[in-house]
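Per our numbering, residue 1 is the first one in the sequence shown, and the count goes up by one each step. In this text, a Cβ means the ideal position worked out from N, Cα and C, and glycines have one as well. See below for the structure under consideration.
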Amino acid sequence: MHFSNENRLVCILPVTPVENPPFERFFSPLAAYAIARLLKSKLQLLVNLTGLRIAERYKDPVAGRHLFWNQWSLFLDQVVTESYVIDDQDLGYAEFVHQQFGSIPSFKEAFGDIAGCLCGKSEMFAELVGGAVRSSRTQIRYESGVYSCRSCGQELKKARRHILQLRPVSTAIPVVLPRRYQTEVIMMLQTLRGRNTLLSRSFRQEETETKVEEYIIDPDVWWSLLPVWVARKVDTVVIVVAYPALWHAVRAYLLMAEMSPAPKVEFVIHPRVGIVDCLTPLKGRPLTEYIDMAGSPIVARLFPFLGLRWNNSHTFLKGSELYLAQHSCKPLHPITEQDSLPLSSVLDVLNRDTLLKLLKGRRSRYDVVSPTGLFLEEALHCNW
Ligand SMILES: [Zn+2]
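Dropping the structure here:
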C-alpha cells in the first residue's frame, strides 16, 4: 500500500502488554488500524514497557514488546515488523525525554508537600488528595478519616520533597472527534492547567530507567511523550483512544502541548465496547481463544466494529453477532482501492450501521455496496 498522507500519523495511547489478554483490549489498536487505512496514513502502535509487571517475570522488558507484536499479528495474518510497533525502550527514546526535560521552560524544580505510599502507585500533591478521591480517577481510598493506597493498602504519608513539576504555559487545544467530547476535553485541560502537575516520584526509591538527573520520572509521564517521539517527523498525530482512557489522554496532551515543537494533535474517541454474552460466552475471552472462535483474522478484526456507535461513550455488542460477521465476511466482488478520506469523514464510514449494511448486502444475491461500504471494505479487509 502507498501512503498518500505522509504528514499525518495515527497512533494509540501506549498499551501495557500482558500475557493472554482479553480480546477486548485490542479495540483501540483495531480502530487505529482502520482509521489509518482510511486516511492512508502511517500507523504506529505504542507500547509502554516501563514499570511493567511482565518485566519482573521475564527480567527482560523487551520480551513485552515481542509479546505485543505476536498478539497483534494474530489479527493480521502476518508477522508484525519492528517499524510498526514502537515502545519506550526504543533506542533514542530515553535520550529524547532527557532532551525535552532539559529544554522545556515549564518543567521546573521545586519543593512540594507530597502524599504517597511505598509501593509508588499513589503519589500526588497533598492538597489534591481529597479532590482525587472524589473524582474516582485514582488508586487512593478514603475510609474512617484515613487516606490509603488501594494497591498496597498502606496509609498515605505526607512529606516535603524536592520535586520536578510542570507549570503549563500552553493554551493549545486538540481537535476532538466526535465533537460531542470537545467541551469535556477543554474542561479537563482547564482543570489541569489551573494547577501544577507532579512529574517526579520520590516515595518509592529503586533503580529505574525513568530517571532525569536525580529525579525519578512518573511512568505515566514517561510514556506520555511517546506520541511526540513518533510524531517528530510529521505535522499531525491522530491519537485513537477509548472513552474511559480520556483523562489519561488529556493528561498526556497537557505534556505534549508544552513540547517544542509541539505536534498538532487530533483525538478520535471511540466508545468502550462491552460484550453481552449469548449462548457461547465471549466476554473477556483470552485473545487466542477469541481468534479461534472467530475462525479467521478478518472476522476477528471486523466483529468489534459492530459495537461502534459514535454517539455513545459505552456501547454493548451481542456475542451472537460474531456469527453474523463469520457468515457474511466473504466479499462477492474484488475489493477496490479507495482514495484517502479526510478525518472528518472517517466516523461516517467506520460505524456499526455501515458495517451492518455491508454484511447484510453480502448475504443477499444482489450485493450492491454503497460508497461508504467500499471504503469500509478496504479499511477492514486487506493487510498492509
Ligand atoms: Zn501503594
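Have a look at the options and flag the residue whose alpha-carbon is nearest the alpha-carbon of residue i.
{"i": "proline 261", "options": "Trp229, Ile114, Ala249, Thr280", "result": "Trp229"}
{"i": "valine 15", "options": "Phe375, Asn7, Asp88", "result": "Asp88"}
{"i": "glutamate 214", "options": "His66, Leu306, His98, Pro178", "result": "His98"}
{"i": "serine 345", "options": "Pro178, Leu322, Arg161", "result": "Pro178"}
{"i": "leucine 380", "options": "Tyr181, Leu76, Thr197, Ile104", "result": "Leu76"}
Opposite residue i in the DSSP bridges: which residues?
{"i": "cysteine 278", "result": "Partner(s): none; cysteine 278 has no beta bridge."}
{"i": "phenylalanine 316", "result": "Gly274"}
{"i": "methionine 124", "result": "Ala115"}
{"i": "glutamine 154", "result": "Per DSSP, none; premise fails for glutamine 154."}
{"i": "glutamate 266", "result": "Val175, Val238"}
{"i": "aspartate 87", "result": "Val47"}
{"i": "leucine 198", "result": "Gln165"}
{"i": "glutamate 109", "result": "Leu164"}
{"i": "alanine 159", "result": "Ile114"}
{"i": "proline 219", "result": "For proline 219, which the question treats as bridged, DSSP gives no partner whatsoever."}
{"i": "proline 286", "result": "Pro22"}
{"i": "valine 15", "result": "Val47"}
Could you spell out where the beta strand (DSSP E) holding residue i opens and where it closes?
{"i": "lysine 42", "result": "42–47"}
{"i": "valine 146", "result": "146–149"}
Specify, as a first and last residue, the run of the alpha helix (DSSP H) that residue i falls within.
{"i": "leucine 226", "result": "226–230"}
{"i": "tyrosine 142", "result": "Not the alpha helix (DSSP H): tyrosine 142 falls in the beta strand (DSSP E), residues 140–143."}
{"i": "leucine 9", "result": "Unbroken run through leucine 9 is the beta strand (DSSP E), 8–12; no alpha helix (DSSP H)."}
{"i": "serine 28", "result": "27–39"}
{"i": "tyrosine 395", "result": "The shown model of the chain, from 1 to 384, leaves out residue 395, and the question about it has no answer."}
{"i": "serine 370", "result": "Looking at the DSSP string, serine 370 is not in any alpha helix (DSSP H), and its letter there is neither H nor E."}
{"i": "threonine 210", "result": "Note, threonine 210: premise wrong, no alpha helix (DSSP H); not H, not E."}
{"i": "glycine 131", "result": "129–135"}
{"i": "isoleucine 186", "result": "182–193"}
{"i": "tyrosine 93", "result": "93–103"}
- request: Determine, using beta-carbon pairs with one atom in the region 231–244 and one in the region 24–36, whether at least three such pairs fall under 8 Å.
  value: yes
**Q.** Inter-stretch contact at 8 Å, needing at least 3 Cβ pairs: the region 297–306 / the region 261–271
**A.** no
- Message: Within 8 Å, do at least three Cβ pairs link the region 134–141 to the region 182–189?
- Response: no
Check: Which whole runs of the alpha helix (DSSP H) in the region 288–360 are 4 residues long or more, in chain order?
Finding: 297–302, 321–328, 343–349
Inset, instruction - Could you say if the region 250–259 and the region 165–182 meet the contact criterion of at least three C-beta pairs nearer than 8 Å? - result: yes
Okay, do the region 330–341 and the region 366–379 touch, 3+ Cβ pairs below 8 Å being the bar?
-> yes
Is there contact here, the region 110–126 with the region 137–151, by at least three beta-carbon pairs under 8 Å? yes
Give a yes or no on contact between the region 272–285 and the region 311–331, applying the rule of three or more CB pairs nearer than 8 Å.
-> yes
*asked:* Would you call the region 212–227 in contact with the region 282–295, where contact means no fewer than 3 C-beta pairs closer than 8 Å?
replied: no
For ligand 2, which residues have a Cβ under 6 Å from at least one heavy atom, in chain order? Ligand 2 is absent from the structure shown, which contains only ligand 1.
| query | Taking three-plus beta-carbon pairs below 8 Å as touching, is the region 319–334 in contact with the region 343–361? | reply | yes
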